[in-house]
Every structure is written in structure tokens, then in C-alpha cells.
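Using the numbering used here, you'd call the opening residue of the sequence shown number 1 and step up by one each time. Quick reminder that beta carbons are idealized off the backbone N, C-alpha and C, glycines included. First up is the structure itself, then whatever we jot down about it.
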Amino acid sequence: MSSRESTVEVRIRSSLDYTDLVENITNNLTFLAGCDSDPAYFIEMAVREIVINAIRHGNQYNLDKQVRIKFSFDAYKFEVQVQDQGNGFDFEHLPDPCDPSNLLKSSGRGIFLVRSFMDDFSLTYVPNQGTEVKFVKKLSRS
């Protein structure tokens, strides 16, 4: 993989029917980027989780709204930006999924997990545009 950056952008409707397609695209791009199996797995899991959140929570399954997924990678890092067209949420006060009162809940761990295995993570709400989640995985080169 050269140090030159490659970028791929995908837009999907707000339907979970597209999650397997996005996962396949992610898998192919991590291969092109030369990712080892562990970083590739973490990137693929993160993309799937954040895209599902964008469809479910951000756009609330509204088929008139899109989710934009932008992949950028070079020899040193793999970056993903996922943007929905929703109304945003208070991400400063997300419940702690490790709190005993939340342990048995069926949701609420995605952002926590993505934060834990990515090297950089940010959430930004842009009024009238939606929430953008950006995360980066550094790629080690032997």
C-alpha cells in the first residue's frame, strides 16, 4: 500500500437491508489497505455498528434520509466517517454500559465498543445536517 490516500464514499438509504453491503465494501477496502486481520475485524465491526446506529437512531429508518459512509486510507491509517441526517443526540451524557443497571439492556454498547478499539473517535452534530461519527485505526507496518 502506498502512502498516497485513497477515498471511497457510499450513500445508502436508511434501511438495515444495506448493512451487509456496507460490511462487504468495508471488508474489501480493509483488504486493499493491507490491514492485518485484527485491525480489519475491528474496523468492520465499528462500521457495522455505527451504520446501524445511524439508520436506527439517527434517521429512524426514514427511507427518505441517507447515511453517508466515507472511507479514507493510506499506508498508516484507515479512517471512516459516517453521517446521518437525524436530529442529533446528547452524546456527552451517554449511559455507561458497564453500570450494573445497564448490563442486561439489549443496546447501548456500540459507541463504547467502537471508542475502545479505535485510535481516534469523535462525534459531531451539525445542525440541519445530522450527526457525524469519525474514527481512525492506525495501521502498523512491519
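Checklist line | From Leu139, Asp119, Phe117 and Leu16, residue whose alpha carbon lies closest to that of alanine 63 | finding: Going by the sequence as given, residue 63 is leucine instead of alanine. That would be Leu16, whose Cα lies nearest to the Cα of leucine 63.
Check: By how many angstroms is the C-alpha of isoleucine 55 removed from the C-alpha of serine 14?
Finding: Their backbone Cα atoms lie some 5 Å apart in a straight line.
Notebook entry, point to check: Secondary structure at aspartate 17, three-state DSSP: helix, strand or coil?
Noted result: Correct three-state label for aspartate 17: helix.
Check: So, helix, strand or coil for glutamate 49, using DSSP?
Finding: Assigned with DSSP and collapsed to three states, glutamate 49 falls in helix.
Next item on the list: Measure the alpha-carbon distance for tyrosine 125 versus glutamate 49 and round it to whole angstroms.
Entry: So the two alpha carbons sit approximately 18 Å from each other.
Notebook entry, point to check: Would a C-beta distance cut-off of 8 Å place lysine 137 and phenylalanine 42 closer than the cut-off?
Noted result: A contact, by the Cβ cut-off of 8 Å.
Notebook entry, point to check: When the Cα atoms are used, what is the spatial distance from glutamate 44 to glycine 130?
Noted result: Distance between the alpha carbons of glutamate 44 and glycine 130 is about 22 Å.
Check: Around the C-beta of threonine 7, are 16 or more other C-beta atoms found within 10 angstroms, so that it is buried, or is it exposed?
Finding: Label assigned to threonine 7: exposed.
Check: Mapping DSSP to helix, strand and coil, what is glutamate 9?
Finding: Looking at glutamate 9 - three-state DSSP - the assignment turns out to be strand.
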